[in-house]
Amino acid sequence: MLTAALLGGALLARAEDLLPPATPGAGMVPIPVGDYAPLLRTKDEPARVPVAAFWLDARPVTNAEFLEFVRAHPRWRRSAVSPLFADAGYLADWAGDLELGPKAPAGSPVVRVSWFAARAFARAQGKRLPTTAEWERAAAAGISGPEGAAEPGFNATILAWLARPTPERFPAAGAGRPNHFGVRDLHGLVWEWVDDFNTAMVTGESRGDTGLERTLFCGAGAAGIRDTSDYPAFMRAGFRSSVRANYTVPNLGFRCALSP
Amino acid sequence: MTTPPAICCALLLAAGVPGAFAATRPSPAPPVAPTPPCCPAEKGSGGSAPCCPAEAAPAAKTAAPCCADAGAGAPLSARSLYQLEAQWTDDAGRAVSLASLRGRPVVLAMIFASCEYACPVLIDDLKRLRTALPEPSRDQARVVLVSFDPARDTPEALAAFRVRLGLGATWTLLRGAESPVQELAMLLGVKFKQDARGQFAHSNLFTVLNAEGEVVHQHAGLLGDISPAAKVVASLLP
């Protein structure tokens, strides 16, 4: 995966691609081999998709870390970025190109970053963005075990967060309780980019521009849904299908991943 | 195409929920309004000739450096897809950069050659679009098909696809590495996902680029009315 990113890195390929891979362990935690239950699947597809072992940042990327990145890569500064790669809201909470200001505390998660910018940041660290399967695999874990759904109050806690408005300023990244794998803030702080968010095709289908497999959505609406009570998963799928790669959103940040 | 009403409704409802979700954009960005061609080439001078001769050049209002010799290394406009620096390979095995398409209008679609249904239909739509363009300049518009299946769509596979679908010299078939394919898809708003059988679910979408590689029109869906798109392409022709 990483190799593919390095070899194929085109658009955002710069000197940063030549850096050696980051040492896993620097703020990353290992997620052991496991599986992930997709929200939507065809009837031919297995209910659980295997996910190889990978490393995941223990917390979302902070403003301070992103500032360091834009210092080193001027094309990703707010005033310089191409509108193709980040819309007008890019880093809008910052006081300036290289100044965080009161709305963007150094230790808080960086938000209003596009997929392109998040990906470029990850590359510069020798990392990549997690895939949907990897992110969901890590985020399905509870506090005490790998199956959060088995823990009382797991979904209710996430729903309570989803019901809260986006705060004026985000609290520090990494302050949340670590989950079973030692990952923090997958729920409860910000939404996060995944590398393959554009595989969530629901909005496209409703506009009729997506040639979904004829078997993917058959007959009864929710028949292909894994667990209709997993409302947060619906919301994440809806979110992913509604954004584009240059969008920046006031509560959408990211964290990085790495293959062993 | 089947439609999944219940699923869509659930997700659209989700989009309306206040709180953390409230900042989500309601829908993907609308297609960019067509813009007039910025630099009509001189009649008979060929598509690659420098455009906008000095005496005709209006005080360029747009930021686009439109009036430079195509391919002469003039800076690309901020919205040009040709900022993508990846190397692609065509079905003859030649290395191609997107920037080499600069200077003429391009109709761009993403496909995969082993597609059972939608891609051949999409290509039929593109053939209809070509037919709708005025004759002699029709061939000045390139049609570019980019595969999102680099694993199977080797140059040979694309060459066979060209023959099978009877695509002429104005059609360019490209494959690229996974990462630039994904980035191009992201820029175009093309969604794709490979299923367990190796088939792709994907957007049926084509995009019209002006001579600078800026998106000026997008057409979604199959078997639709291609005349708005044809009108845009025609306006970009020399």
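Protein sequence lines correspond, in order, to chains D and Z.
Counting in our numbering, the first sequence tops out at residue 1037, every number present.
Counting in our numbering, the second sequence tops out at residue 232, every number present.
Don't be surprised by glycine CBs; every beta carbon is placed ideally from N, CA and C.
Everything numeric in this text was worked out from a predicted model, so none of it was measured.
Practice task
Decide if residue 35(Z) is buried, meaning its Cβ has at least 16 other Cβ atoms within 10 Å, or exposed.
Solution key: With a pLDDT of 35 at residue 35(Z), under the threshold of 50, the predicted position of this residue should be treated as unreliable, though the coordinate-derived value follows. Buried is the call here.
Problem - For residue 909(D), the three-state DSSP class (helix, strand or coil) - result: helix
Practice task
Go ahead and label residue 941(D) buried or exposed: buried means 16 or more other beta carbons lie within 10 angstroms of its beta carbon, across all protein chains shown.
Solution key: exposed
Problem - Sequence-distant residues of its chain with Cβ nearer than 6 Å to residue 892(D) (five each side left out) - result: 970 and 1022
Handout entry: Range covered by the beta strand (DSSP E) that runs through residue 811(D)
Key = 811 to 813
Practice task
Give the residues of chain Z in contact with residue 975(D), contact being defined as C-beta atoms less than 7 Å apart.
Solution key: 179, 180 and 185
Exercise for the section: Determine, using beta carbons only, whether residue 56(Z) comes closer than 9 Å to chain D. Expected result: For residue 56(Z), the pLDDT reaches just 36, beneath the cut-off of 50, and the residue's location in the model is therefore unreliable, although a value from the coordinates is still provided. False, the Cβ-Cβ gap to chain D never drops below 9 Å.
Handout entry: Closest residue to residue 1036(D) among 1008(D), 904(D) and 965(D) (Cα-Cα distance)
Key = 904(D)
Problem - Contacting residues, own chain, Cβ-Cβ under 7 Å from residue 224(Z) (five flanking each side not counted) - result: 123, 126 and 127
Handout entry: From 155(Z), 90(Z) and 142(Z), residue whose alpha carbon lies closest to that of residue 114(Z)
Key = 155(Z)
Handout entry: Stretch-stretch touch, CB-based, cutoff 8 Å, three pairs: the segment 907 to 924 of chain D with the segment 825 to 842 of chain D
Key = yes
Exercise for the section: Kindly confirm or deny that the segment 856 to 870 of chain D and the segment 1012 to 1029 of chain D touch, where touching means at least three C-beta pairs closer than 8 Å. Expected result: yes
Exercise for the section: Could you name the residues of the segment 79 to 91 of chain Z whose beta carbon sits closer than 7 Å to any beta carbon of chain D, in the order they occur along the chain? Expected result: 79 and 80
Practice task
Say whether the segment 918 to 928 of chain D touches the segment 194 to 214 of chain Z, bearing in mind that this needs 3 or more beta-carbon pairs closer than 8 Å, one atom from each stretch.
Solution key: no
Handout entry: Segments of 4+ residues assigned as alpha helix (DSSP H) that fall wholly inside the segment 117 to 186 of chain Z
Key = 149 to 159 and 172 to 182
Practice task
Starting from residue 73(Z), find everything on chain D with Cβ-Cβ shorter than 7 Å and list it in chain order.
Solution key: 860 and 861
Exercise for the section: Find the residues of chain C that neighbour residue 892(D), judging by a C-beta separation of less than 8 Å, and give them in chain order. Expected result: Included in the structure are the protein chains D and Z, with no chain C among them.
Practice task
Return the CA-CA distance between residue 901(D) and residue 77(Z), expressed in angstroms with no decimal places.
Solution key: 19 Å
Problem - Cβ-based burial, residue 110(Z) [other Cβ within 10 Å; buried from 16] - result: exposed
Exercise for the section: Mark residue 157(Z) as exposed unless 16 or more other C-beta atoms lie within 10 angstroms of its C-beta, in which case mark it buried. Expected result: exposed
Practice task
Determine the chain Z residues that contact residue 814(D) at a beta-carbon separation under 9 Å, and present them in chain order.
Solution key: Under the 9 Å cutoff, chain Z gives no residues; its nearest Cβ is about 15 Å from residue 814(D).
Exercise for the section: Answer with buried or exposed for residue 875(D), where buried requires no fewer than 16 other C-beta atoms within 10 angstroms of its C-beta. Expected result: exposed
Practice task
Determine the direct distance from the alpha carbon of residue 232(Z) to that of residue 92(Z), and round the result to whole angstroms.
Solution key: 20 Å
Practice task
For chain D, find out if any of its Cβ atoms is closer than 9 Å to the Cβ of residue 205(Z); answer yes or no.
Solution key: no
Exercise for the section: Closer than 8 Å by C-beta to residue 214(Z): which residues in its own chain qualify, once you throw out the five before and the five after it? Chain order, please. Expected result: 197, 198 and 199
Practice task
List the residues of chain D that residue 77(Z) touches, going by C-beta distances under 9 Å, in chain order.
Solution key: 788, 859, 861 and 862
Practice task
Determine the direct distance from the alpha carbon of residue 1033(D) to that of residue 148(Z), and round the result to whole angstroms.
Solution key: 31 Å
Exercise for the section: Note down the Cα distance separating residue 1107(D) from residue 182(Z), rounded to an integer number of angstroms. Expected result: Nothing can be reported for residue 1107(D), as the shown portion of chain D is limited to 778 through 1037.
Handout entry: residue 966(D) versus 886(D), 925(D), 898(D) and 911(D), residue with shortest Cα-Cα distance
Key = 886(D)
Problem - Residue span of the alpha helix (DSSP H) that contains residue 221(Z), given as start and end - result: 221 to 230
Handout entry: Same chain, Cβ closer than 8 Å to residue 864(D), five either side skipped, listed in chain order
Key = 891, 1023, 1024 and 1025
Handout entry: Rounded C-alpha distance that separates residue 841(D) from residue 862(D)
Key = 21 Å
Handout entry: Residue environment, residue 25(Z), which counts as buried when at least 16 other CB atoms sit within 10 Å
Key = The predicted model places residue 25(Z) with a pLDDT of 41, which falls under 50 and marks its position as unreliable, so this point remains unresolved.
Handout entry: CB contact below 9 Å: residue 988(D) versus chain Z
Key = Note that residue 988(D) scores 42 on pLDDT, short of 50, meaning its location in the model is unreliable; the coordinates nonetheless yield the value given after this. Cβ-Cβ to chain Z under 9 Å: yes for residue 988(D).
Problem - CA nearest to the CA of residue 175(Z), picked from 963(D), 958(D), 972(D) and 956(D) - result: 972(D)
Exercise for the section: Measuring only between beta-carbons, confirm whether residue 190(Z) sits less than 9 Å from chain D. Expected result: yes
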